[in-house]
Amino acid sequence: MSTAVMPTRPRVLSLYRKLLQQVKRFPPEVSSTFVEGQTRSSFHEMMRERMRTEFKSNKNADALRTRELLEYGQRESDSLSSILSNQYLKQHPGPPAVKKLHPEGTP
Numbered sequence: 004m005s006t007a008v009m010p011t012r013p014r015v016l017s018l019y020r021k022l023l024q025q026v027k028r029f030p031p032e033v034s035s036t037f038v039e040g041q042t043r044s045s046f047h048e049m050m051r052e053r054m055r056t057e058f059k060s061n062k063n064a065d066a067l068r069t070r071e072l073l074e075y076g077q078r079e080s081d082s083l084s085s086i087l088s089n090q091y092l093k094q095h096p097g098p099p100a101v102k103k104l105h106p107e108g109t110p
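Just remember that our numbering sits 3 ahead of the position in the sequence shown, which is counted from 1.
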């Protein structure tokens with residue numbers, strides 16, 4: 004079923020699940036984050052909380068606003084996908100590794 008024809012509620016739930024799955028894929032190194040003056044236990048927790056709040060606050064939005072929010076959510080999902088796949092790094096690799104002139108332990 005194409006997204007243009009798919010009823011709104013399933014599209015919203017599908018986007019919500021997709022975003023949750025993407026957040027779970029972030030590496031554990033992103034474990035402690037300082038946001039808005041509070042230290043959260045993890046990036047994953049902060050993002051889940053933010054998504055839950057945003058989705059619930061827009062639960063009763065009209066059709067036009069819901070469509071706008073779905074488009075915004077899809078753009079956010081696309082951004083997360085490109086971050087998770089290191090797309091930027093693949094397009095713009097850094098400089099080559101610098102070869103050391105002296106092996107370790109020699110002057």
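Positions of the beta carbon are idealized from the N, C-alpha and C atoms, including for glycine.
Asked: Beta-carbon spacing of Leu73, Asn61 below 8 Å; Found: no
Asked: Rounded straight-line distance, which links the Cα of Leu18 to that of Asp81; Found: 11 Å
Asked: Exposed unless 16 or more other CB atoms sit within 10 angstroms - verdict on Leu22; Found: buried
Asked: Pick from Ala64, Leu67 and His47 that is closest to Pro30, judged by C-alpha positions; Found: His47
Asked: Residue from Lys93, Thr11, Gln94 and Leu83 whose Cα sits closest to the Cα of Arg27; Found: The question names Arg, but residue 27 is Lys in the sequence shown. Ranking the options by Cα distance to Lys27, first place goes to Leu83.
Asked: Cβ of Phe58 within 8 Å of any chain B Cβ; Found: The chain inventory of the structure shown lacks chain B, comprising one protein chain alone.
Asked: Cβ separation of Gln25 and Leu87, assumed to be a contact under 8 Å, to the nearest whole Å; Found: 6 Å
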